[in-house]
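Asker:
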Amino acid sequence: MGSITQELDKLERKVKTLVPNLHYPHDKFIIITLNEAIAAAKEGNFGVGAVLVREDGEVIQRGHNHVFNPYFRSDLHAEMDIMNKFEEGFRDIESMKGFVLFSSVEPCPMCFLRLIISGVEKVYYAAIDKEGGMVQRFEHLPPEWKELARRQEFALAKCSPVLSEIALQIFLSTVGENDRKLQNR
Numbered sequence: 301m302g303s304i305t306q307e308l309d310k311l312e313r314k315v316k317t318l319v320p321n322l323h324y325p326h327d328k329f330i331i332i333t334l335n336e337a338i339a340a341a342k343e344g345n346f347g348v349g350a351v352l353v354r355e356d357g358e359v360i361q362r363g364h365n366h367v368f369n370p371y372f373r374s375d376l377h378a379e380m381d382i383m384n385k386f387e388e389g390f391r392d393i394e395s396m397k398g399f400v401l402f403s404s405v406e407p408c409p410m411c412f413l414r415l416i417i418s419g420v421e422k423v424y425y426a427a428i429d430k431e432g433g434m435v436q437r438f439e440h441l442p443p444e445w446k447e448l449a450r451r452q453e454f455a456l457a458k459c460s461p462v463l464s465e466i467a468l469q470i471f472l473s474t475v476g477e478n479d480r481k482l483q484n485r
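Okay, so the sequence shown: first residue is 301 according to our numbering, each after it adds one.
1. For E343 and N369, which I take to be in contact (beta-carbon distance under 8 Å), what is that distance rounded to the nearest angstrom?
2. Considering Cα atoms alone, identify which of K397, V348, E358, H377 is closest to E453.
3. Which residue comes first and which comes last in the beta strand (DSSP E) that contains E453?
4. How long is the line joining the alpha carbons of G432 and C408, rounded to whole angstroms?
5. Just how far apart, CA to CA, sit V420 and R480?
6. Please name the residue or residues paired with R354 in a DSSP beta bridge.
7. Could you give the C-beta distance for H364 and A339, rounded to a whole number, given that I count them as a contact under 8 Å?
8. I'd like the span of the beta strand (DSSP E) that includes G363, first residue to last.
9. Please classify G349: does DSSP put it in a helix, a strand, or coil?
Pasting the structure below:
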């Protein structure tokens, strides 16, 4: 556990020094997701963070993974945390056009389907999750889900490569221990 803490401390120091690169339009928002991912990881959760913004750049909601802490909640992945907070706080919003969700890591199957149902117009993620990411497996969705998702954009964020690498490092630093926890449930 000590080496994970040291690694997270090192990554946190690195994230605190980051400034958006103007050549990458999503850097500002991915840096927010990285701060959220660090918070999740330091709490003992999977290191994934997310932020929901309006297209004009106004930050509406921030969130991160809460699967294990403060108590076990199998549904509280970062994207689910964001959408739960948003839907509770903005009950009068009927359309998600003009909203963009940024995640530090590619959405898993559960989160991908939730985001399709939510109608968030654009979803961008900093790092590809080769093992569990669902966006790259879009063609495996049933036809009805594919059709529903056509109103949205799901893509890799236009962010600095260094931010993508940090996002993946934060996530991977938490996977081993948290996968063991899930196996023991």
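Backbone N, C-alpha and C fix where the C-beta goes; we use that ideal spot for every residue, glycine too.
Answerer: Once the coordinates are examined:
1. 4 Å
2. The candidate whose alpha carbon is nearest that of E453 is K397.
3. 453-456
4. 6 Å
5. 32 Å
6. Under the DSSP definition of a beta bridge, R354 partners with F399.
7. 5 Å
8. 359-364 is the span of the beta strand (DSSP E), which, as asked, contains G363.
9. strand
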